[in-house]
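Start counting the sequence shown at 81; every next residue gets the next number (the working numbering).
C-beta atoms are modelled at their ideal positions from N, C-alpha and C, and glycine is treated no differently.
Keep in mind that this is a model prediction, so the values were computed, not measured.
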Amino acid sequence: MTTTSDQATPSRRRRREEPPGHDKAPGRTRGRPRGKRHGGRAARRRKRGPLRTVLMAVLALAVLGTGGLGWVYLKLNGDIDTFDGEGLSKNRPGSGTSKGANVLVIGSDARTEGNSALGGGSKDDIGRADTAFLLHVYADHKHAIAVSIPRDTLVTIPPCLLPDGTWTEAQSDTMFNAAFSVGQTESGNPACTQNTVEELTGLRVDHTLVVDFKGFAALTDVVGGVRVCLPQDIYQGDLNPNRATKGDLIFEKGEQDVSGQKALDYVRIRHGIGDGSDIGRIKRQQAFVSSLLKKIKSDGLTPTKLLPLATAATQSMTVDPGLGTADKLIAFGMSLKDIDLHDTKFVTVPWRYQGSRVALAEPDASGLWAALKADRTIDGKDASGGSEKTSEASASASGAPGAAGSGVDGDGIDVAVYNGTTVEGLAADAATALTGHGFTVTGTGNAGSRDHSTTVVQYGTGQRSRAETVAELFPGAQLEPIGGSAINVVVGASYSAGDSPAASGTGRETAPTDAPSSVADDARSGDDDLCADLSYGTGG
81 MTTTSDQATP
91 SRRRRREEPP
101 GHDKAPGRTR
111 GRPRGKRHGG
121 RAARRRKRGP
131 LRTVLMAVLA
141 LAVLGTGGLG
151 WVYLKLNGDI
161 DTFDGEGLSK
171 NRPGSGTSKG
181 ANVLVIGSDA
191 RTEGNSALGG
201 GSKDDIGRAD
211 TAFLLHVYAD
221 HKHAIAVSIP
231 RDTLVTIPPC
241 LLPDGTWTEA
251 QSDTMFNAAF
261 SVGQTESGNP
271 ACTQNTVEEL
281 TGLRVDHTLV
291 VDFKGFAALT
301 DVVGGVRVCL
311 PQDIYQGDLN
321 PNRATKGDLI
331 FEKGEQDVSG
341 QKALDYVRIR
351 HGIGDGSDIG
361 RIKRQQAFVS
371 SLLKKIKSDG
381 LTPTKLLPLA
391 TAATQSMTVD
401 PGLGTADKLI
411 AFGMSLKDID
421 LHDTKFVTVP
431 WRYQGSRVAL
441 AEPDASGLWA
451 ALKADRTIDG
461 KDASGGSEKT
471 SEASASASGA
481 PGAAGSGVDG
491 DGIDVAVYNG
501 TTVEGLAADA
511 ATALTGHGFT
521 VTGTGNAGSR
531 DHSTTVVQYG
541 TGQRSRAETV
551 AELFPGAQLE
561 PIGGSAINVV
571 VGASYSAGDS
581 PAASGTGRET
591 APTDAPSSVA
601 DDARSGDDDL
611 CADLSYGTGG
C-alpha cells in the first residue's frame, strides 16, 4: 500500500554536544594505542580492501580452548584491542530471547603497523572499510550465514560520535562504507558502522570485529595457504587498472594455493573478471572464506600452529568491549565448532543498481532480515534450537493505542501521520500519542486512500528499525517498505480509543519467517565446488 499524499521528509537534527542517545559502556579502551586522529582530512582515492576472515580466527581460538591450552590466555589478552563503546547508539534493536548471535565483521585497510607495505593507504590516510559482512549464528548453533553488504550500498547513517565528543546528523542516501570513515581518524569508526548495520537491518549486533591487511596475510600464511580458483589468467593491470600496460601474469587460470600477499591480491582483484564490479568481487571473497574453512576442517590444527594463528588473529583485530578478552573470544569460537560446512551459507543482501551505486532490493532485503530475526534458515528450516521466544507479533501489550508501548522512546525519530479512514481527527490523535513518547511529528493529513482497516507504518531505506519502534505504539500495525527515507503512519479504522490487539482482531505485524527465494538461489555453501559461481557477468 502506498499513499498519494505528499510524504513528509524527516528534518535533519542539528549537531549537539549531548548525543541523541548512546550507551555508556563501562571501562576504557584496552590494548595498545591506535593511530592518531585526523579531523577533516580529505579522503584519497586508493585500492580496495580484502574480505577479512575472522571465522578462521575464532575457530582456531575454539580449538585452543578445547585443547586446554589455558597458558596462552595471558599473552592473547595483551594482544587484543577494543574500540570505545560510547559511540554505540541508545536506540538499538532489542536482543530478544534468541540464543543465536549477530557478529559484524569489518575489513579495515589500516595503513599503520606495516599495513601500507601490503597495499594499505599512506600512513597519514584515514581509516576505511571496503568489505563487511554480518555473520548470523543461529540459535541451534548448527547453522550460520554470512550476509555481505556491498560497500556502495546507499543507506541511512544514523548519528555517530566524533572524536571531539559531538554527534553527527543522520545522513540519508550515503554509501555504506562511509560510516567507518566518520570522524576521519586512522583507526576508523567501527561503532558508527555497527550503528548503521543495526539501523539497516533491525537486528541487534552482539559483537563487532575489525581485522586489518597484516592480520589477513599472517592468517593465510599460518594455515599454509588457501586453495582458490581463477576463471581466467590475471595480470598486474587487472589488479591495478591505472597501469599503462597489461603487466606481468600474476595468476594463471584454474586452481592454485595462495597465501600472504598473493592471498591479498586474490581477494582484492576486481577488474578483468566478470563484470568488473565490487558485487562480483564479493562472490570471490565468499568463495575464499569457504575454501579457508575447508582447509581448517580437512587439515586440522597442530599445537605448533595454534599459537601463531591465535597470535596473528588477536594482534590484528580490534573488537567491541564484549569480546575484549581471550576467554570471551574462545567462548564465541566454541559456539561455532558444531557448524557443518554445508550449513554455513554465504549470501549478498538483495540489491539492485541505482545509477552507479547499489540500493537494497525490497521487499526481499527486509524479508531476509526478518528470517534471521526468527532464526529461519534461507531454505526455510527452523534453527531456533527449540528456544523459548516471544515473537514480534505478540510483543506489544494490550491497551489503548499510544499506551501499548509505554516504555517507547521516540527521541530522534521523525514521523508523518496520515488518516487512512473517513473518521475525522484520527491523525491528530495519533500525532498526540507519538509526540507524547518523544517522536517528532513532521506533519499530518489525509491519506490518498481512506479505506484502511488496520494501521500501516511505512518506512524508507534503512528505516526499518525506527519503524518498528513507531509500531510499538499501534497494536495491530503492519510494516511496509516504501521508497525514499521517510517514516509514515497511515492510521486505519482499528485505531480508536480503547482498541487493543484482541479487540481489533489483529496483532502486531507478523514478520515473514522464510527468506525470499532469491536469497537461497544466490547462496554459496561452505562445501560448494571451488570454481563455481565466482562472479557476475561473463567470465565467472
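- Per DSSP, the continuous beta strand (DSSP E) segment holding Y498 begins and ends at 494-499.
- Annotation: the continuous alpha helix (DSSP H) that includes F296 extends over 293-302.
- Between K333 and Q312, the CB-CB gap stays under 8 Å.
- The beta carbons of T424 and G606 sit about 4 Å from each other, so the pair counts as a contact at 8 Å.
- Between the C-alpha atoms of T288 and N526 there is a straight-line separation of about 43 Å.
- With a contact defined as Cβ atoms closer than 8 Å, Y218 and D455 qualify at about 5 Å.
- Exposure of S533 is indicated by the presence of fewer than 16 other C-beta atoms within 10 angstroms of its C-beta.
- Looking from the CA of D253, the closest CA among T233, T246, E266 belongs to T233.
- The continuous alpha helix (DSSP H) containing E278 extends over residues 270-281.
- Between H351 and D318 the beta-carbon gap is near 5 Å, inside 8 Å, which marks them as a contact.
- Counting the other CB atoms within 10 Å of its CB gives H223 a total of 16 or more, which places it among the buried residues.
- Under DSSP, D337 shares a beta bridge with R307.
- At a Cβ-Cβ threshold of 8 Å, V427 and P230 do not count as neighbours.
- In the three-state reduction of the DSSP assignment, Q316 falls in the helix class, which pools H, G and I.
- With fewer than 16 other beta carbons inside 10 angstroms of its own, D418 counts as exposed.
- Between I458 and A367 the beta-carbon gap is near 18 Å, outside 8 Å, which marks them as no contact.
- T394 and N275 have their C-alpha atoms roughly 24 Å apart.
- Here the alpha carbons of S261 and A551 stand approximately 32 Å from one another.
- In this structure, T281 sits near W449, with a CB-CB distance shorter than 8 Å.
- Residue range 397-399 is occupied by the beta strand (DSSP E) that includes V399.
- Secondary structure note for S228: it is in no alpha helix (DSSP H), and the uninterrupted beta strand (DSSP E) holding it is 224-228.
- Where E548 is concerned, there is no enclosing beta strand (DSSP E), although the alpha helix (DSSP H) around it starts and stops at 544-551.
- A distance of 8 Å or more separates the beta carbons of T211 and V399.
- Using a Cβ distance threshold of 8 Å, I349 and S228 do not count as a contacting pair.
- Sorting V599, T549, F256, T391 by C-alpha distance to the C-alpha of I160 places T391 at the top.
- Following the DSSP letters along the chain, one finds Q264 in no beta strand (DSSP E), marked with neither H nor E.
- Remark: C-beta atoms of L242 and G263 approach each other more closely than 8 Å.
- DSSP places T424 in the uninterrupted beta strand (DSSP E) bounded by 424-428.
- Your pair D164 and A271 checks out as a contact, with CB atoms roughly 7 Å apart and the cut at 8 Å.
- With contacts defined by Cβ atoms closer than 8 Å, G528 and S565 do not form a contacting pair.
- For I237, the enclosing beta strand (DSSP E) covers residues 234-237.
- At least 8 Å separates the beta-carbon of F412 from that of L421.
- Under the three-state reduction of DSSP, Y433 is assigned to strand.
- Per the C-alpha coordinates, the member of K408, A508, D444, C240 positioned closest to Y498 is A508.
- By the CB criterion at 8 Å, R284 and N171 fall outside the cutoff.
- Within a 10 Å sphere around the beta-carbon of R530 sit fewer than 16 other beta-carbons, which makes this residue exposed.
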